[in-house]
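**Q** One structure, as structure tokens, below. Some questions next.
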Amino acid sequence: MTSPTSESAIDPDLAALLGSAGVPAPYAVRAADRLGERAAALLRADPWRLLRVPGVRPKQADHFAGRVLAQQGEQARAEDVRRGRALVVHVLTEAARRGHTAMTPRAVVSALGALGVPDPSRAIEAALEEAEVVTLLEEAEFDPLAEEDEPPEPQESLGLSRYALAEEAAAEGLQRLSATAEPLLPDETVRALRADLPEDRALALTAAARTGVSVLHGAPEEVEQTAVAIARALASCDVPVALAACTATGARSLGEGAVGLYELLEAARPPGAPAGVVGFGRGEQRPLEAAAVVVPDAGALDVEAAAALVEACGDGTHLVLGGDPAALPPSGPGRVLADLAASETVPVIELEAAAHGQPAGFLAAVRRGELPAVRPPGREVVIVPARAEEEAVHRAVQIVTDSIPRALRIAPQDVQVVTPLAGGRAGAAALNAALKAHLNPGPGVCGGFDPGDRVIAAAPVAGVAAGEHGTVTAASPSGLRVAFGTGREPVEVPATALPRLRHGWAAPVALARAARYPAVVAVIPQEAASALSRPLAVTAFGLARRHLSVVHTAGPALARAVRENLGSPRETRLPRLMRQ
């Protein structure tokens, strides 16, 4: 459901420019959000900047450029330096969306050739001159036992400046914390605290108290419980501790005193900045007061979030990062937790699984690569086969609105529907449309949203983190007021920033992972077969605390993906940077 009034706040000049080139009206909202108040002027000067707007493909940008330049008496040419520069940024941006923080020059040249750039080297030089792209040189690891007389040549790669600099900042900060840390507690106190703990939990507590950076690996329940126990143990000895989750939604389940990462770092939108711009009050100049910072869901941290966290930790701060190594990497570029463990520069504690009921046992099997049969009469895990995507949507709505509330006394607002896809017949958009019709029907006052709608931030907006849940408290053609449950007043989200919000009854797995929920309905459609993997299943199923329903039309493809598909690798630099 959409509302044309959500576009009324767009600059008329921008709307006219896009309309004259045949660009669909919804892209005007995205262009205003991404390019800012000067969007129309920027696009007239360089029409290929349209490629920076989410959803725009190179052929569409070429068509737009041809129309705009023709209006100015020019002709669009394949060799135009503006086109080549924009396509370099586009190639690296697409790589970042797949999680990579860098690409080899050869890979970039190959991608540019496929897009019809006549002189890829010149295009790369133009992008480098704009400083939005950087060349990255790293000394190759030298084996002193090798027979070569000279060390290998430095490794060269290309990356978007924002992610390359963030990855380097994260590495430097983690090295700094490791180098400046001193024990938080005397040895005898640590021995007393760990006296009655299992060996793995005792090792985790010791690492947290004695080393600057440590990693906890395990299933979500184990990592959460261990992280909370470490924070409480340190706090009981008067050590200032910050227990944080990636979102305030996730922090609420950790108990009293836990905060969302954006709250911890005092995130806010700078005055006059676009809705998606976030500034942090905590950083190198004003570090956190905590002597220890514990983040149990750090597997969701991309390089920018990790850099912001590490830079806010003063010298000597102990940082404990936890996560499930079998789960998906973060939705943004990088794989900080996995890279940190792979660098072998910090202690990594593997937490053994303990029995916590059927959802945890089911998840343990999936983490091993098995999709176990579910036997009645247990209600904790239910597998619901469906014959078609439309039936899967119908069954999911029935489970959320009737079955779970009736059988388990869990209210619909405490149930999260997750799916691998954003679009499609059983993707998040289709599921949200069906759930809204049952739970909060309305005309869609602004961009399809009404007061009472459950929403989720798909990207940072108004100083709120991606993955944060909220409820629309007011809606008008000019925008929304949303209560995000962060402890702050409801925030104003202008109509131009609506592309950063989604209805939140259902969400793609990568976005919903910022919290865990009393009940989860995982919809796995056949149309998502190519996206299925063990990490995706581990992440989706691991979000459930008390109940998990799996509605699927994937047939044997789901079990095969859990058994065989370990996910796609990411090209990142953090392990090498940590070892330098």
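Using our numbering, you'd call the opening residue of the sequence shown number 31 and step up by one each time.
Backbone N, C-alpha and C define an ideal beta-carbon position, used for all residues, glycine too.
Using the three-state DSSP reduction, which class does ILE440 fall into: helix, strand or coil?
**A** Here ILE440 sits in coil by DSSP.
**Q** Given a cut-off of 7 Å, decide if ALA513 and ASP480 are closer than it, judged by their beta-carbon atoms.
**A** No, they are not a contact pair.
**Q** Note down the Cα distance separating VAL494 from ALA321, rounded to an integer number of angstroms.
**A** Approximately 25 Å between the Cα atoms of the pair.
**Q** Distance cutoff 7 Å, beta carbons only. Does LEU167 sit that close to anything in chain C?
**A** Checking the listed chains, one finds no chain C in this structure; it contains a single protein chain.
**Q** Would DSSP call ALA275 helix, strand or coil?
**A** It is a strand residue.
**Q** Just to confirm the assignment: which complete beta strand (DSSP E) runs, minimum length 3, are found wholly within the region 146-231?
**A** Taking only runs of at least 3 residues, the beta strand (DSSP E) segments lying wholly in the region 146-231 are 163-168 and 185-190.
**Q** Could you tell me the alpha carbon to alpha carbon distance between ALA567 and VAL307, rounded to whole angstroms?
**A** The straight-line gap from Cα to Cα measures roughly 32 Å.
**Q** The beta strand (DSSP E) with VAL86 in it runs from where to where?
**A** First-last for VAL86: undefined, no H or E at that position.
**Q** Taking the alpha helix (DSSP H) that GLU252 belongs to, which residues open and close that run?
**A** 250-266 is the extent of the alpha helix (DSSP H) around GLU252.
**Q** What is the residue span of the beta strand (DSSP E) that GLU380 lies within?
**A** Note, GLU380: beta strand (DSSP E), 378-380.
**Q** Threshold first: 3 residues or longer. Then list the beta strand (DSSP E) segments lying entirely within the region 296-360, N to C.
**A** Correct list: 322-325 and 348-353.
**Q** With contact counted as at least three CB pairs below 8 Å, one residue from each stretch, are the region 183-203 and the region 157-167 in contact?
**A** Enough Cβ pairs lie closer than 8 Å, so yes.
**Q** If I'm right that SER361 touches LEU541 with Cβ under 8 Å, what's the distance once you round it to whole angstroms?
**A** About 6 Å separates the two Cβ atoms, so the contact holds.
**Q** Between which two residues does the beta strand (DSSP E) carrying GLU124 extend?
**A** First-last for GLU124: 111-127, but that is the alpha helix (DSSP H), not the beta strand (DSSP E).
**Q** Does the region 526-540 touch the region 364-374, meaning 3 or more C-beta pairs lie closer than 8 Å?
**A** Flag = no, the region 364-374 and the region 526-540 do not touch.
**Q** Do you know whose CA, among ALA257, PRO216 and ARG439, lies nearest GLY248's CA?
**A** Comparing Cα positions, the closest option is ALA257.
**Q** Using beta-carbon positions only, say whether LEU284 and ILE379 come within less than 7 Å of one another.
**A** No, these two residues do not count as a Cβ contact at 7 Å.
**Q** How would you label GLN388, buried or exposed, when you count the other beta carbons within 10 angstroms and need 16 or more for buried?
**A** The residue is buried, with at least 16 neighbouring Cβ atoms inside 10 Å.
**Q** From what residue to what residue does the alpha helix (DSSP H) around GLU522 run?
**A** Per DSSP, GLU522 belongs to no alpha helix (DSSP H); it is in the beta strand (DSSP E), 521-524.
**Q** Which class does ALA422 belong to by DSSP, given the choice of helix, strand or coil?
**A** Here ALA422 sits in helix by DSSP.
**Q** If you measure between the beta carbons of CYS276 and LEU294, is that distance less than 7 Å?
**A** Not a contact, by the Cβ cut-off of 7 Å.
**Q** Could you check where the alpha helix (DSSP H) with HIS468 kicks off and where it finishes?
**A** First-last of the alpha helix (DSSP H) with HIS468: 458-469.
**Q** Output needed for SER563: all residues of its chain with C-beta closer than 6 Å, excluding positions within five of it in sequence on either side, in chain order.
**A** So the qualifying residues of the chain are ALA591, ASN595 and GLY597.
**Q** Roughly how many angstroms lie between the CA atoms of GLY49 and ALA55, to the nearest whole one?
**A** The straight-line gap from Cα to Cα measures roughly 7 Å.
**Q** So is ARG21 buried or exposed if we call it buried at 16+ other beta carbons inside 10 Å?
**A** The chain is shown from 31 up to 610; residue 21 falls before or after that span and cannot be answered.
**Q** Going along the chain, which residues of its own chain have a beta-carbon closer than 8 Å to the beta-carbon of PRO34, five neighbours each way excluded?
**A** Bear in mind that a pLDDT of 40 at PRO34, under 50, signals an unreliable position, so the number given afterwards is only what the model happens to contain. The answer, listed in chain order, is ALA55.
**Q** Using the C-alpha atoms, what's the distance from SER208 back to GLU374?
**A** The straight-line gap from Cα to Cα measures roughly 13 Å.
**Q** Grouping DSSP H, G and I as helix and E and B as strand, with all else coil, what is THR449?
**A** Reduced to three states, the DSSP call for THR449 is strand.
**Q** Taking the C-alpha atoms as reference points, what is the distance between GLU37 and VAL119?
**A** A caution first: GLU37 carries a pLDDT of 48, below 50, which makes its placement in the model too unreliable to give a value.
**Q** Under three-state DSSP, which class holds VAL404?
**A** VAL404 falls in the coil class under three-state DSSP.
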